[in-house]
Amino acid sequence: MRVDGNTAQFNCPQPLRDAGFAVAEALFDVDVALDVPDASTLFRKLCATAASNFTQERKNMVAFSYGVRSSPKRQLMYGSAAGEVYAARVITQFIRLGAKKDIFSLSCHVIGSTEHRADLLDADNELGVIVGSLKEGPRVRMVARIRVSSAGDARAVMDTIVKNYVKYFFPVLCEKQPTPELEAMPSYLPDTVVLQLHRDDGEAEFADYMDANSLTFVALGDAGRPALCGIDAAAQPHHEGAQRAVVSAAGIVSSIRRRRLRIPFGMSEFSQLLLRAHNTEKGNRNNSLNGSTETVLLTQAFLDAVCAEESFHCLSTTRLVGNILGSTGIGSATRDLAVDKWRLDQDIMELRDELMIARTVYNYRHSVYESNTSISGIKEEGMKRVNAIESNREEARERQPSVFCERAKHEAEKMTKELERRGGATLDEVERALEAKKRESSALQADRESRIWVYEHTVERIRTRKEDEESASERLRQAMQQLEQELGLRQSAIETREQQLEMVQIDRARGREAVMREWHSVEAARRTFREERCRQRRQWIHQVKEINAKFPEQVRPLAEGRKKKYEQAKAKEDVAERALAADIKIIEEYLPKLISLEDIPVNPEETGIIQRQFDDVFKQGEQT
1 MRVDGNTAQF NCPQPLRDAG FAVAEALFDV DVALDVPDAS TLFRKLCATA ASNFTQERKN
61 MVAFSYGVRS SPKRQLMYGS AAGEVYAARV ITQFIRLGAK KDIFSLSCHV IGSTEHRADL
121 LDADNELGVI VGSLKEGPRV RMVARIRVSS AGDARAVMDT IVKNYVKYFF PVLCEKQPTP
181 ELEAMPSYLP DTVVLQLHRD DGEAEFADYM DANSLTFVAL GDAGRPALCG IDAAAQPHHE
241 GAQRAVVSAA GIVSSIRRRR LRIPFGMSEF SQLLLRAHNT EKGNRNNSLN GSTETVLLTQ
301 AFLDAVCAEE SFHCLSTTRL VGNILGSTGI GSATRDLAVD KWRLDQDIME LRDELMIART
361 VYNYRHSVYE SNTSISGIKE EGMKRVNAIE SNREEARERQ PSVFCERAKH EAEKMTKELE
421 RRGGATLDEV ERALEAKKRE SSALQADRES RIWVYEHTVE RIRTRKEDEE SASERLRQAM
481 QQLEQELGLR QSAIETREQQ LEMVQIDRAR GREAVMREWH SVEAARRTFR EERCRQRRQW
541 IHQVKEINAK FPEQVRPLAE GRKKKYEQAK AKEDVAERAL AADIKIIEEY LPKLISLEDI
601 PVNPEETGII QRQFDDVFKQ GEQT
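Take the sequence shown: its letter number 427 is residue 427 in my numbering, and every next letter is one higher.
Pasting the structure below:
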């Protein structure tokens with residue numbers, strides 16, 4: 001089988017053609033075809049927009065995985081020890097986009113041939129069943145539902161699912177059986193696994209199982225039949241249950257392709273379990289709010305010829321399901337009718353051969369029964385015949401190598417002559433050419449060995465030089481690290497000193513500011529004091545001048561009275577008037593010097609001169 005774009009080309013293997021296989025070649029057109037699928041490619045091709053559609057447009061999603069026995073459909077969907085897969089990536093994206101406002105929960109169970117539903121979230125839970133209801137239809141109850149609020153919670157739940165499903169499906173997970181007996185009679189366990197992510201609007205809806213949206217991943221059973229189909233009574237219920245689930249899934253996908261979604265529901269219990277996922281549950285208020293459900297059928301088959309028949313049936317399922325016009329005629333919805341008829345013919349032929357062998361064994365009679373004479377020792381006669389048969393067989397076995405050698409020698413001679421005829425060279429010439437080639441090859445080998453020796457020594461020298469350079473580099477690196485450490489210590493000390501100097505400068509600046517503030521306050525106080533003293537001194541001068549101005553006014557009326565009386569002033573009066581005038585003159589001359597309006601620094605010499613002048617004046621006054 002080969003993949004070209006979105007087309008899968010099937011070529012029937014030669015053994016099946018020789019056996020009369022119904023189809024020699026076929027082409028199958030699909031939506032997406034992947035040669036070697038992996039989880040990241042499947043996520044990018046099938047589920048890239050599922051998270052945004054789920055949160056923004058409320059679109060549910062249902063993914064079916066179907067394939068040949070031992071194909072990794074469960075591993076790619078749910079995960080394995082190799083790492084995360086596309087189901088886990090889609091679920092974590094959903095939770096990241098809507099975990100803040102919605103309630104998300106995960107459930108995972110197995111649908112088998114019995115009413116019991118194995119819980120893959122709690123391996124010890126044996127109470128899971130499907131409960132029927134006339135109002136809502138069948139529902140899975142008593143299985144674990146784990147609430148997840150982050151991507152880490154989802155990964156932890158998926159790890160639990162992987163561990164439990166590997167334990168449950170361990171006999172059928174390996175692609176190649178360890179022994180030929182198991183390869184001929186492989187284990188058969190085609191149960192269906194259903195993983196669902198539920199989104200609830202609130203706590204009440206979560207408690208009542210009324211999820212608004214869901215994401216469903218379904219791993220259907222194996223496409224192959226059991227080894228003894230129709231004969232093994234234990235495997236028959238599993239096969240019938242798996243076929244019912246596969247037919248239901250094929251009917252759902254086929255009806256969606258043909259715009260007839262409501263037709264398959266009600267035909268099987270499995271399809272009714274997906275009513276809510278496809279927005280077809282009666283009386284559900286979320287049907288009108290949700291968008292159209294995205295449904296994906298992923299079919300997996302092998303490219304080699306080992307499982308060619310079942311691979312062809314899987315590809316036929318995609319053709320029957322994907323045909324938008326529908327199929328006509330009779331037959332299975334998941335298997336090709338002509339190939340199924342060919343398989344029945346093969347089974348009939350095998351049963352006829354087995355019946356013939358059984359009849360031969362049943363009708364077998366000992367050779368003594370055909371003898372006309374009486375034989376006393378039947379057992380001894382039988383042993384003689386057995387020994388004769390064994391001796392003949394041993395002689396034939398001994399002759400067989402010689403016969404085989406003679407035949408091989410004869411065929412080799414014929415082949416040699418034919419090759420000599422075709423090639424134009426005899427065997428001796430070929431042997432001589434071969435000897436020459438051997439000698440040339442030995443010379444080349446010796447040259448190669450010498451070159452290898454030189455290369456090895458060169459590589460050893462280079463390795464030694466590299467080690468020396470690396471050791472020198474390491475020493476330099478250590479020295480640089482030590483210098484860097486010392487530099488760091490010095491830089492830290494310098495930074496500490498700089499910080500201390502900055503603190504001292506800040507303290508000095510603050511002290512200078514405090515001194516300047518104090519100086520300004522003292523200067524302001526001094527200025528105020530000087531202004532007050534200047535005002536007082538000005539007032540004193542003004543008062544002295546007023547007093548000096550009053551004395552002449554008091555003396556002038558006396559002089560005017562003497563003039564009117566035509567009297568002469570007495571000598572004492574005249575002297576007193578002249579002394580008063582002289583005192584006033586002296587006061588007006590020396591008063592500004594005595595009372596200064598400004599604070600002038602004291603000069604001892606000038607102060608002494610003024611003091612001597614005042615002493616002279618006082619002495620003259622006393623004398624007069």
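Cβ atoms here follow ideal geometry from the backbone N, Cα and C, with glycine treated the same way.
Given the structure is predicted, the values throughout are model-derived calculations rather than measurements.
Opening and closing residue of the beta strand (DSSP E) in which residue i lies
i	result
Glu25	25 to 29
Asp191	Note, Asp191: premise wrong, no beta strand (DSSP E); not H, not E.
Ile146	146 to 148
His238	From DSSP, His238 is part of no beta strand (DSSP E) but of the alpha helix (DSSP H) over 235 to 257.
Gln9	7 to 11
Val218	213 to 222
Arg117	From DSSP, Arg117 is part of no beta strand (DSSP E); its letter is neither H nor E.
6 Å CB neighbourhood of residue i in its chain, flanking five on each side removed
i	result
Asp35	Val3
Asp201	Ala212
Ala219	Ser65, Lys73, Arg74, Met77, Val193
His198	Ser105, Asp211, Ser214
Cys307	Val68
Ala19	none
Contacting residues, own chain, Cβ-Cβ under 8 Å from residue i (five flanking each side not counted)
i	result
Pro15	Ala305
Cys229	Ala235, Gln236, His239
Lys45	Val32, Leu34
Ala87	Ala63, Met77, Tyr78, Gly79, Met158, Leu195, Phe217
Cys174	Ser70
Residue i to residue j span [Cα, whole Å]
i	j	result
Val386	Lys341	45 Å
His239	Ala26	27 Å
Glu380	Asn392	18 Å
Phe43	Val90	8 Å
Arg422	Gly224	50 Å
Thr317	Ala250	8 Å
Cys314	Val246	11 Å
Leu489	Ser473	24 Å
Ser492	Arg477	22 Å
Tyr455	Lys437	26 Å
Glu605	Asp616	17 Å
Arg244	Met356	35 Å
Ala559	Glu523	54 Å
Gln481	Glu470	16 Å
Ala207	Ile103	11 Å
Ala24	Val296	29 Å
Pro552	Lys545	12 Å
Thr426	Glu418	10 Å
Glu495	Gln505	15 Å
Ser254	Phe270	16 Å
Ile541	Asp583	15 Å
Arg461	Arg448	20 Å
Ala22	Asn53	44 Å
Ala446	Val166	55 Å
Arg510	Ser521	16 Å
Leu320	Arg335	9 Å
Glu115	Lys163	23 Å
Ala433	Ser441	12 Å
Glu310	Ile256	25 Å
Below-8 Å beta-carbon distance, residue i vs any chain C residue
i	result
Lys101	You won't find chain C in this structure, because it holds only one protein chain.
Residue i - containing alpha helix (DSSP H), residue span
i	result
Ser442	427 to 565
Thr55	50 to 56
Met61	Note, Met61: premise wrong, no alpha helix (DSSP H); beta strand (DSSP E) at 61 to 67.
Cys405	378 to 423
Thr41	39 to 46
Ile130	It is not in any alpha helix (DSSP H) - Ile130 instead sits in the beta strand (DSSP E) that spans 129 to 131.
Ser104	Checking the sequence shown, residue 104 turns out to be Phe, not Ser. Here Phe104 belongs to no alpha helix (DSSP H); instead the beta strand (DSSP E) covers 103 to 111.
Asp353	337 to 362
Beta-carbon contacts of residue i that lie in its chain and below 7 Å, excluding the five residues immediately before and after
i	result
Arg117	His109, Val110, Ile111, Gly128, Val129, Ile130, Val140, Val143
Ile146	Ser105, Leu106, Leu121, Val157
Pro635	No statement about residue 635 is possible, as the shown extent of the chain runs from 1 to 624 and does not include it.
Val30	Asn6, Ala8, Thr318, Gly322
Val555	Glu577, Leu580
Does the contact criterion of 3 or more C-beta pairs under 8 Å hold for the stretch 177 to 196 versus the stretch 216 to 235? yes
Output the residue ranges of the alpha helix (DSSP H) runs that lie fully inside the stretch 149 to 182 and measure 4 residues or longer, sorted by chain position. 151 to 168, 170 to 173
If you scan the stretch 267 to 335 from start to end, which runs of the alpha helix (DSSP H) of 4 or more residues do you find wholly inside it? 269 to 273, 308 to 322
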